[in-house]
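Residue numbers (the numbering used here): 558 to 877.
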Amino acid sequence: MKRYYWIFLLVALSGGCTSPPQRYALGGEREVVVFYTPGLQPALEYLDSTINLKISTPQPDSLYHFIPVVPDSYASYRGYKNLLILTCDECGNYGEFSGVVDGREGLLTARGMYSSDDYAIILTAQTSRDLMYSLSEYSTAIDSLLRSRIYELYRRRAFYVGRNKKMEEKVRQKYGIDMEIPLGWYILKGTDVQDSILFMGKHNPDRFFFVYRTKYNYPLDLETLLQLRERIASVYYPGDYLLKEYVVPDRMYGVDRGLCFYSVWQNDEEVAGGPVKTCAYYDGDYFVMYDVAVFAPRKEDKLQYILRAETIIRTLKILR
Numbered sequence: 558m559k560r561y562y563w564i565f566l567l568v569a570l571s572g573g574c575t576s577p578p579q580r581y582a583l584g585g586e587r588e589v590v591v592f593y594t595p596g597l598q599p600a601l602e603y604l605d606s607t608i609n610l611k612i613s614t615p616q617p618d619s620l621y622h623f624i625p626v627v628p629d630s631y632a633s634y635r636g637y638k639n640l641l642i643l644t645c646d647e648c649g650n651y652g653e654f655s656g657v658v659d660g661r662e663g664l665l666t667a668r669g670m671y672s673s674d675d676y677a678i679i680l681t682a683q684t685s686r687d688l689m690y691s692l693s694e695y696s697t698a699i700d701s702l703l704r705s706r707i708y709e710l711y712r713r714r715a716f717y718v719g720r721n722k723k724m725e726e727k728v729r730q731k732y733g734i735d736m737e738i739p740l741g742w743y744i745l746k747g748t749d750v751q752d753s754i755l756f757m758g759k760h761n762p763d764r765f766f767f768v769y770r771t772k773y774n775y776p777l778d779l780e781t782l783l784q785l786r787e788r789i790a791s792v793y794y795p796g797d798y799l800l801k802e803y804v805v806p807d808r809m810y811g812v813d814r815g816l817c818f819y820s821v822w823q824n825d826e827e828v829a830g831g832p833v834k835t836c837a838y839y840d841g842d843y844f845v846m847y848d849v850a851v852f853a854p855r856k857e858d859k860l861q862y863i864l865r866a867e868t869i870i871r872t873l874k875i876l877r
């Protein structure tokens, strides 16, 4: 009996010394709670039409899932992780945010407004009309802030298992690419010649990407990228082709010269398909293209797996 007492005591002491698990705010990574008033509905509609990409996976989806919330319901959404606040001095919701705004105008950001894990983007002006006029100036910045936040959250999910340092070193030495790689990803194939190409994949669900680098100067236009992607796919993804009616061009964030597009890949022989995102940019003298594709027929939110894979590629550095 005495032995069990000491076991119980050790367990209790070890539990008492363990830090409690971190509690994250509510909501999905791409859910954006919008605190606004009915009078600011045109502002929300403008942002949805200008920055919220409508993407096929092939099911219809969007980059951001906006959740409009009027003042009477604010209390129910204060624990969510992503907040977009539209307010003005004369707006009925200004009192809720006056302490954070503190008389300022324009675009602001804040963390930890209602929980330690939330992130708020605040657009404020003197009048609702001023706020509407400012949207053309600030919409691109709002988009960039939201995307940075999304990648921050998806990186948390992609790397929670830890990094594969051995694979990172192999990729560095063989392919001339420095990149952080989570556990669970594996090398499918690749070439280590001057124009190197690296293919990696992960199961559950199946997702895969390639990184291609060359010193050939490709123009950064949509048609060139479509043709180049198809040429590479014909060699490494036999039977795959893009459904061009689903192509959605997008600009690339974080680099001066870059272009992306979303589309849907299909393979008739294997009766398979899914979403794909292709991006290209210049890193010094190198043209770099990456391509992320997903096969997850029983998953509803397929786009998340593309964005999670991109958090790996966003760490990429070309070694010279």
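Backbone N, C-alpha and C define an ideal beta-carbon position, used for all residues, glycine too.
Computed from a predicted model, the values in this text were never measured in an experiment.
Secondary structure remark: continuous alpha helix (DSSP H) runs of at least 4 residues inside the stretch 653 to 698: none found.
In the structure shown, residue 646 adopts coil according to DSSP, grouped into three states. Here residue 613 carries a strand assignment [DSSP, helix/strand/coil].
Sorting 587, 794, 777 and 583 by C-alpha distance to the C-alpha of residue 671 places 583 at the top.
Within the same chain, Cβ atoms closer than 7 angstroms to the Cβ of residue 607 are found at 696, the five residues on either side in sequence being excluded. Per DSSP, reduced to three states, the secondary structure at residue 753 is coil, with no helix or strand assignment. Counting along the chain, residue 745 sits inside the beta strand (DSSP E) bounded by residues 743 to 748.
Closest by C-alpha distance to residue 729, out of 740, 755, 717 and 688, is 755. 8 angstroms or more divides the Cβ of residue 581 from the Cβ of residue 625. Beta bridge pairing from DSSP links residue 848 with 767 and 835.
Inclusion of residue 852 and residue 835 in the CB contact set at 8 angstroms is not warranted, their separation being larger than that value. Relative to the Cα of residue 699, the nearest Cα in the group 779, 681, 711 and 650 belongs to 681. In this structure, the beta-carbon distance from residue 791 to residue 803 does not fall below 8 angstroms. Around the beta carbon of residue 684, fewer than 16 other beta carbons sit within 10 angstroms, so the residue counts as exposed. Residue range 797 to 808 is occupied by the beta strand (DSSP E) that includes residue 802. Counting only the Cα atoms, residue 832 lies some 7 angstroms from residue 613.
Counting along the chain, residue 625 sits inside the beta strand (DSSP E) bounded by residues 622 to 626.
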